Amino acid sequence: MSGKPKLIYFNGRGRMEPIRWLLAAAGVEFEETFLDTREQYLKLIKDGSLMFHQLPLVEIDGMKMVQTRAILSYIAGKYNLYGKDLKERAFIDMYVEGITDLTNMIMMFPFSPPEAKEKNLALIMERATHRYFPVFEKALKQHGQDFLVGNKLSWADVQLIEAILAVEEKFPAVLSGFPQLQAFKTRMSNMPVIKKFLQPSSPRKPPPDDRYVATVLKVLTE
Amino acid sequence: MSGKPKLHYFNGRGRMETIRWLLAAAGVEFEEVFLETRDDLLRLQKSGDLMFQQVPMVEIDGMKMVETRAILNYIAAKHNLYGKDLKERALIDMYVESIVDLNDLVMRAPFQPADNKEQYFANTVDKATNRYFPAYEKALKDHGQGFLVGNQLSRADVHLLESLLMAEELKPDILAKFPLLQSFKARISNVPTIKKFLQPGSQRKPPLQEKDLPKVMKIFH
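For the protein sequence lines, the chains are A and B, in the order given.
Here the first sequence is numbered in the UniProt record's numbering, starting from 1 and rising by one per residue.
Here the second sequence is numbered in the UniProt record's numbering, starting from 1 and rising by one per residue.
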């Protein structure tokens, strides 16, 4: 047993990607098991590994953790990425929840029916530039610090850099009205642990393609 | 200024109900400001008080908090309802997240179009009785204490009770095969702060009636 966290999921971003990002930002090495058959998934349910029959699953510190937010909260708490007190935590939680709404839209996008794709794509851009990015631009401008909360790297910063890069994959000029976020992106990308995660050989997964979508549907549907 | 938390939402359960439950369980009195019309929501959005233009919003301890989970996390931690350490928190979070999923299913039942109602109901009951309830029944059995996690009341117990009662509103005998959940329900309902919240005249909101649906849709769409 290596002692490293073990991630069990499909070989793609999905709901596991924020967990990969957070572990990487915390400097924690992890192992991965990739599912690509329904049998593997049913076996996990049968042997009691999936408390609610759902993925992601992360084996960490003797626990078989499920539920993305529970896993992320645990990692953030354990590795000091959750602020120094309740109020900082409150702001981190608010920012994380907002960003999660945006990244969920991006995550679900490949699974939209073809006739809804154009509308959903436009909505991602609209939400990013009118609802979410302005909040973080304003926060960074107001306190003038490098990080969103408490002058220290937190889960919120990691989630935000992930979201920015994901939106940029679809809309390369999305940060054009957001100078603070541009500087934030550069700063975060240059942090050693994140720089390492952004290199080609890292556990970071590529954007979802048709093959990924097909695998997910095959494994999860009867 | 009263110092009491102030809840901004429409006069109904929706995403604010779990917050009402948790404050009540913690013995915290709160005030409510109800959005009655779309203009009320627009005014609130224009005021800059809604970080992401959405409700629920709770004014608490000098903050204008948004995002249901953020609000619940803050209240739970402040009032010692979030376990004693990281590992208890992790277990609480796992249960709580699953309960959110279950509640979402149950809460959407009244909004289903007529031609989908029956199938939706069947799917909801199936998930409740084959995925979620067995997990909580097993947790109570394995843990052997009166509570889901640790040996004192936590938010997991409060959220589960709320969820069980909502599920029973959907199908009154839905707990028939779950004896431990039935005794859990009775026990937690008797916690003094919760017993008070379950009485008529409290700030607990009734289920959404079909006749109120158009009004709610109008505020949010």
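Backbone N, C-alpha and C fix where the C-beta goes; we use that ideal spot for every residue, glycine too.
Fair warning: this is a prediction, and the values are worked out from it, not measured in the lab.
Report the residue from the options whose alpha carbon sits nearest the alpha carbon of residue i.
i: Glu-17 of chain B; options: B:Phe-197, B:Lys-218 and B:Pro-214; result: B:Phe-197
i: Ala-139 of chain B; options: B:Thr-129, B:Tyr-95 and B:Met-63; result: B:Tyr-95
i: Lys-4 of chain A; options: A:Arg-187, A:Leu-86, A:Gly-77 and A:Arg-20; result: A:Arg-20
i: Glu-118 of chain A; options: A:His-53, A:Lys-78, A:Ser-202 and A:Lys-170; result: A:Lys-170
i: Val-158 of chain B; options: B:Leu-86, B:Ala-70, B:Phe-184 and B:Glu-32; result: B:Phe-184
i: Leu-102 of chain B; options: B:Asn-151, B:Arg-187, B:Leu-160 and B:Asp-39; result: B:Leu-160
i: Ile-99 of chain A; options: A:Arg-13, A:Phe-184 and A:Val-158; result: A:Val-158
i: Lys-195 of chain A; options: A:Glu-162, A:Ile-92, A:Thr-221 and A:Arg-15; result: A:Glu-162
i: Lys-141 of chain A; options: A:Ala-183, A:Pro-113, A:Val-174 and A:Ile-164; result: A:Ala-183
i: Gly-62 of chain A; options: A:Asp-36, A:Tyr-74 and A:Thr-68; result: A:Tyr-74
i: His-8 of chain B; options: B:Ala-25, B:Ala-26, B:Arg-187 and B:Thr-37; result: B:Thr-37
i: Glu-137 of chain A; options: A:Gln-54, A:Gly-177 and A:Asp-47; result: A:Gly-177
i: Phe-133 of chain B; options: B:Gly-83, B:Asn-190, B:Met-51 and B:Pro-179; result: B:Pro-179
i: Leu-50 of chain B; options: A:Tyr-95, A:His-53 and A:Leu-50; result: A:Tyr-95
i: Leu-81 of chain A; options: A:Gly-27, A:Gly-12, A:Ser-201 and A:Thr-215; result: A:Gly-27
i: Pro-192 of chain B; options: B:Leu-22, B:Gly-27, B:Gly-3 and B:Asn-11; result: B:Gly-27
i: Tyr-74 of chain B; options: B:Glu-88, B:Lys-87 and B:Glu-59; result: B:Glu-59
i: Glu-97 of chain A; options: A:Glu-115, A:Val-135 and A:Asn-120; result: A:Val-135
i: Gln-199 of chain B; options: B:Asn-11, B:Trp-21 and B:Phe-10; result: B:Trp-21
i: Leu-213 of chain B; options: B:Ala-122, B:Gln-112 and B:Lys-84; result: B:Gln-112
i: Leu-153 of chain B; options: B:Lys-46, B:Ala-77 and B:Glu-32; result: B:Ala-77
i: Arg-13 of chain A; options: A:Thr-221, A:Glu-222 and A:Arg-211; result: A:Arg-211
i: Leu-153 of chain A; options: A:Leu-7, A:Pro-203 and A:Ala-24; result: A:Ala-24
Could you give the residue range of the beta strand (DSSP E) that holds residue i?
i: Phe-34 of chain B; result: 31-35
i: Glu-59 of chain A; result: 57-60
i: Glu-32 of chain A; result: 31-34
i: Lys-64 of chain A; result: 63-66
What residue range does the alpha helix (DSSP H) around residue i cover?
i: Ile-99 of chain A; result: 86-108
i: Thr-215 of chain A; result: 210-220
i: Met-188 of chain A; result: 179-190
i: Leu-44 of chain A; result: 38-46
i: Glu-210 of chain B; result: Taken as a continuous stretch (DSSP letters only), Glu-210 of chain B belongs to no alpha helix (DSSP H), as it is neither H nor E.
i: Tyr-136 of chain B; result: 133-143
i: Arg-38 of chain B; result: 38-46
i: Pro-200 of chain B; result: Looking at the DSSP string, Pro-200 of chain B is not in any alpha helix (DSSP H), and its letter there is neither H nor E.
i: Thr-18 of chain B; result: 17-25
i: Leu-165 of chain A; result: 155-170
Quickly, what does DSSP pair residue i with across the bridge? List them, please.
i: Met-57 of chain B; result: B:His-8 and B:Val-66
i: Tyr-74 of chain A; result: None, per the DSSP bridge assignment.
i: Ile-8 of chain A; result: A:Thr-33 and A:Leu-57
Using 8 Å for Cβ pairs, my map puts residue i next to residue j. What's the rounded Cβ distance?
i: Ala-109 of chain B; j: Tyr-120 of chain B; result: 6 Å
i: Leu-160 of chain A; j: Leu-148 of chain A; result: 7 Å
i: Ile-194 of chain B; j: Ala-24 of chain B; result: 7 Å
i: Met-63 of chain B; j: Ala-90 of chain A; result: 6 Å
i: Phe-111 of chain A; j: Ile-124 of chain A; result: Contact doesn't hold; Cβ gap of about 14 Å is too wide.
i: Asp-93 of chain A; j: Glu-67 of chain B; result: 7 Å
i: Pro-5 of chain B; j: Phe-30 of chain B; result: 4 Å
i: Met-105 of chain A; j: Arg-127 of chain A; result: 7 Å
i: Leu-22 of chain A; j: Leu-72 of chain A; result: 6 Å
i: Arg-155 of chain B; j: Leu-72 of chain B; result: 7 Å
i: Tyr-41 of chain A; j: Val-219 of chain A; result: 5 Å
For the structure I just gave you, are there three or more beta carbon pairs, one from the stretch 54-61 of chain A and one from the stretch 121-132 of chain A, closer than 8 Å? Contact between the stretch 54-61 of chain A and the stretch 121-132 of chain A is absent, because fewer than three Cβ pairs lie under 8 Å.
Pairing CB atoms from the stretch 204-221 of chain A with CB atoms from the stretch 168-179 of chain B, are three or more of them under 8 Å? Touching, no, given that fewer than three Cβ pairs across the two stretches are closer than 8 Å.
Below 8 Å, can you find three or more Cβ-Cβ pairs linking the stretch 201-216 of chain B to the stretch 15-30 of chain B? Between the stretch 201-216 of chain B and the stretch 15-30 of chain B, the count of Cβ pairs shorter than 8 Å is three or higher; the stretches touch.
Below 8 Å, can you find three or more Cβ-Cβ pairs linking the stretch 83-100 of chain B to the stretch 66-73 of chain A? Inter-segment contact for the stretch 83-100 of chain B and the stretch 66-73 of chain A is present: three or more beta-carbon pairs are separated by less than 8 Å.
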